[in-house]
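Asker: First the structure, then my questions, so here it is.
In this note's numbering, the protein residues as written are 2 to 183.
Here's what the structure looks like:
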């Protein structure tokens, strides 16, 4: 059965031609991919990508040995795929090195100690400030809430929350000598 080759008039015709090639040479295509691929998990992906490659660029007219053409096209696609994956991995590695943003670069033990010290500091706040100011500061700086979230949690207006935080921090600066420079 001769295969219709090239001379495509549209996408549907290209798909039909690629489907006929795959119907006749599918086992051969899969065998070539398996032979040239190290990772068995990539075989199906490359098989499907090769189908799309044949839809995009059908077998040209005048090809005498279709298996030879398919073998060369498949190996070239595998080489291109390997390069793309390698380039992507290098890019991601470089990105990871350039943007090494860890939230907590210390050990878990140090993080636990820091959390305990924060807890003690907020207990100290409660002793030096009125309850509303201490709670607003603890929610803002201890729990990282924004003023809108704090207002909702405390049942207050945003302006009131901002005033509590501002006045509370001012009182702390005045009463604690090591905070006067901040």
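Even glycine gets a Cβ: it sits at the ideal position worked out from N, Cα and C. Computed from a predicted structure; not experimentally measured.
#1: For residue 167, count neighbouring Cβ atoms within 10 angstroms of its own Cβ and tell me buried if that reaches 16, exposed if not.
#2: Would residue 135 pass as a contact of residue 169 if the rule is Cβ separation under 8 Å?
#3: Could you tell me the boundaries of the alpha helix (DSSP H) in which residue 134 lies?
#4: Since residue 38 is in the alpha helix (DSSP H), which residue starts that stretch and which ends it?
#5: So is residue 34 buried or exposed if we call it buried at 16+ other beta carbons inside 10 Å?
#6: Alpha helix (DSSP H) containing residue 62: first to last residue?
#7: Less than 7 Å between C-beta atoms, sequence neighbours within five positions excluded: which residues of the same chain meet that for residue 76?
#8: Run the CB neighbour count on residue 165, radius 10 Å, all protein chains shown included, and call it buried at 16 or more, exposed below.
#9: Determine the extent of the alpha helix (DSSP H) in which residue 158 is found, giving its start and end residues.
#10: Please return the same chain residues whose Cβ sits closer than 8 Å to the Cβ of residue 152, not counting the five positions on each side in sequence.
Answerer: In brief:
#1: exposed
#2: yes
#3: 132–138
#4: Element bounds for residue 38: n/a, residue is neither H nor E.
#5: So residue 34 counts as buried.
#6: Taken as a continuous stretch (DSSP letters only), residue 62 belongs to no alpha helix (DSSP H), as it is neither H nor E.
#7: 37
#8: buried
#9: Residue 158: not part of any alpha helix (DSSP H); DSSP gives it neither H nor E.
#10: Within the same chain, residue 152 has close Cβ partners 158, 159, 161 and 162.
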